[in-house]
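Participant:
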Amino acid sequence: MRTIDHHGNIICVLENDEMLTECPNGAYAVFEDVGGWLAVKVYPGIAVPLHTDLLPTLEDALDEITGQ
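Per the numbering used here, the sequence shown starts with residue 0, numbered consecutively.
#1: Can you look up A60 in the DSSP assignment and give me helix, strand or coil?
#2: Kindly indicate the opening and closing residues of the beta strand (DSSP E) around E14.
#3: Could you work out which residue in Y27, I3, I9, D4 is closest to V39 when comparing CA atoms only?
#4: Who are the near neighbours of M0 in its chain, counting only those whose CB is closer than 8 Å to its CB and skipping five residues on each side?
#5: Excluding five sequence neighbours on each side, which residues of the same chain lie with their C-beta closer than 7 Å to the C-beta of Y42?
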(Lines of atoms letter the chains of each structure in order from A and count residues from 1; the text may use other names and numbers.)
(Lines give C-alpha, C1' and ligand atoms only; values in the text may rest on other atoms or scores of the structure.)
Protein backbone atom coordinates (compact mmCIF):
# COMPACT_ATOMS: atom_id res chain seq x y z
CA MET A 1 0.00 0.00 0.00
CA ARG A 2 1.18 3.45 -0.85
CA THR A 3 0.02 6.40 1.23
CA ILE A 4 0.00 9.73 -0.56
CA ASP A 5 -0.96 13.30 0.27
CA HIS A 6 -3.15 14.57 -2.57
CA HIS A 7 -4.24 18.21 -2.14
CA GLY A 8 -4.13 17.83 1.65
CA ASN A 9 -5.99 14.50 1.76
CA ILE A 10 -4.36 11.30 3.04
CA ILE A 11 -5.07 8.61 0.47
CA CYS A 12 -4.21 4.92 0.61
CA VAL A 13 -3.60 3.42 -2.82
CA LEU A 14 -4.31 -0.28 -2.37
CA GLU A 15 -2.91 -3.14 -4.42
CA ASN A 16 -4.97 -6.25 -5.22
CA ASP A 17 -3.90 -8.21 -2.12
CA GLU A 18 -4.37 -5.38 0.42
CA MET A 19 -7.32 -4.65 2.69
CA LEU A 20 -9.05 -1.40 3.62
CA THR A 21 -8.40 -2.20 7.29
CA GLU A 22 -4.77 -1.21 6.67
CA CYS A 23 -5.83 2.41 6.05
CA PRO A 24 -6.11 4.85 8.96
CA ASN A 25 -9.59 5.98 10.00
CA GLY A 26 -10.52 9.26 8.36
CA ALA A 27 -8.35 8.64 5.31
CA TYR A 28 -9.50 8.02 1.78
CA ALA A 29 -8.66 4.90 -0.19
CA VAL A 30 -8.59 4.10 -3.89
CA PHE A 31 -8.37 0.65 -5.39
CA GLU A 32 -8.86 -1.05 -8.71
CA ASP A 33 -11.81 -3.38 -9.08
CA VAL A 34 -12.89 -5.37 -12.12
CA GLY A 35 -13.54 -2.71 -14.75
CA GLY A 36 -12.30 0.42 -13.00
CA TRP A 37 -11.32 2.35 -9.89
CA LEU A 38 -13.26 3.07 -6.71
CA ALA A 39 -12.68 5.85 -4.15
CA VAL A 40 -13.94 5.49 -0.58
CA LYS A 41 -13.79 7.34 2.74
CA VAL A 42 -12.58 5.07 5.57
CA TYR A 43 -14.38 5.17 8.94
CA PRO A 44 -14.14 2.73 11.86
CA GLY A 45 -15.71 -0.50 10.62
CA ILE A 46 -17.02 0.91 7.32
CA ALA A 47 -15.87 2.42 4.03
CA VAL A 48 -18.28 4.77 2.26
CA PRO A 49 -18.05 4.94 -1.56
CA LEU A 50 -17.75 8.45 -2.98
CA HIS A 51 -19.40 7.48 -6.28
CA THR A 52 -21.58 4.70 -7.68
CA ASP A 53 -19.95 3.95 -11.03
CA LEU A 54 -16.41 2.65 -11.41
CA LEU A 55 -13.99 5.24 -12.75
CA PRO A 56 -11.68 4.51 -15.69
CA THR A 57 -8.36 5.68 -14.17
CA LEU A 58 -6.57 6.21 -10.87
CA GLU A 59 -6.41 9.92 -11.66
CA ASP A 60 -10.20 10.03 -12.01
CA ALA A 61 -10.55 8.37 -8.59
CA LEU A 62 -8.18 10.93 -7.05
CA ASP A 63 -10.15 13.76 -8.67
CA GLU A 64 -13.35 12.33 -7.14
CA ILE A 65 -11.76 12.74 -3.70
CA THR A 66 -10.74 16.34 -4.29
CA GLY A 67 -14.07 17.19 -5.94
CA GLN A 68 -12.61 18.19 -9.30
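The beta carbon of each residue, even a glycine, is placed where N, CA and C say it ideally should be.
Facilitator: Taking the geometry as given:
#1: In the sequence shown, residue 60 corresponds to position 61, counting from 1. In the structure shown, A60 sits in a helix (DSSP, three-state: H, G or I).
#2: Working through the sequence shown from its first residue, we reach residue 14 at position 15. Where E14 is concerned, there is no enclosing beta strand (DSSP E), given that its DSSP letter is neither H nor E.
#3: Here residue 39 refers to the residue found at position 40 when the sequence shown is read from its first residue. For V39, the nearest C-alpha among the options comes from Y27.
#4: On the sequence shown, residue 0 is found 1 positions in, with the first residue counted as 1. Excluding positions up to five away in sequence, the list reads C11, V12, L13, E14, E17, E21, C22.
#5: Along the sequence shown, one-based indexing puts residue 42 at 43. Counting only Cβ-Cβ distances below 7 Å, and skipping sequence neighbours, we find N24.
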